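Residue numbers (this note's numbering): 7 to 172.
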């Protein structure tokens, strides 16, 4: 069909590989499961860009000038948190990219399905008008998805007379 924008499909093997990769990722990240409440998210928030620059500068000093480190900071933990944050940010960015690709592909698939469904509805409407067996019932079932006040959304049909049936 001319509106088939989404003509690239994963094989069963590829879908199984994606599901296995997701399961592996979920298993690998299981130790990191922390559920913050809305209040905790608000309390701890996210470090804004200015504060990230500040943390980066402290990190640089701590790495290059050990003699200037505060004895009140657990530097081993600071460095682990810092490296973890960089790793998580990279992983999240990659996941965001993957999510956008999947979302775009899904949008095109949804559009294709809807256009094909409209074409099928138009065909069912035509066939119902010719009293072909089964099509009157199909037409009535599909017609319910088009609100009467919004008839402009319904596709043009050759037989508008059967529109009055409920």
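Ideal Cβ placement from N, Cα and C applies to all residues, glycine included.
Nothing here was measured: the structure is a model prediction, and the numbers come from that model.
Whole alpha helix (DSSP H) elements within the stretch 8–86, 4-residue minimum: Counting only runs of 4 or more, we get 18–35, 44–50, 55–70.
Residue 148 vs residue 125 beta-carbon contact at 8 Å: For residue 148 and residue 125, no; Cβs fall outside 8 Å.
Meets three-Cβ-pair contact criterion under 8 Å: the stretch 104–124 and the stretch 9–25: Contact annotation: the stretch 104–124 touches the stretch 9–25, with at least three C-beta pairs closer than 8 Å.
Among 143, 112, 114, the one whose alpha carbon lies nearest that of residue 127: For residue 127, the closest of 143, 112, 114 by C-alpha to C-alpha distance is 143.
Whether residue 50 touches residue 65 by CB criterion (8 Å): Judged by beta-carbon spacing, residue 65 lies beyond the 8 Å limit of residue 50, meaning their Cβ atoms are not closer than that value.
Nearest-angstrom Cβ-Cβ length linking residue 59 and residue 67, presumed shorter than 8 Å: For residue 59 against residue 67, the beta-carbon gap comes to about 13 Å, at or over 8 Å, which does not count as contact.
For residue 53 and residue 62, the rounded distance between their alpha carbons: If you take the alpha carbons of residue 62 and residue 53, they lie about 12 Å apart.
Simplified DSSP state of residue 96, which is helix, strand or coil: Helix at residue 96.
For residue 136, the three-state DSSP class (helix, strand or coil): When secondary structure is reduced to three states using DSSP, residue 136 falls in the coil class, being assigned neither helix nor strand.
Whole-angstrom distance between residue 115 and residue 140, CA atom to CA atom: Counting only the Cα atoms, residue 115 lies some 28 Å from residue 140.
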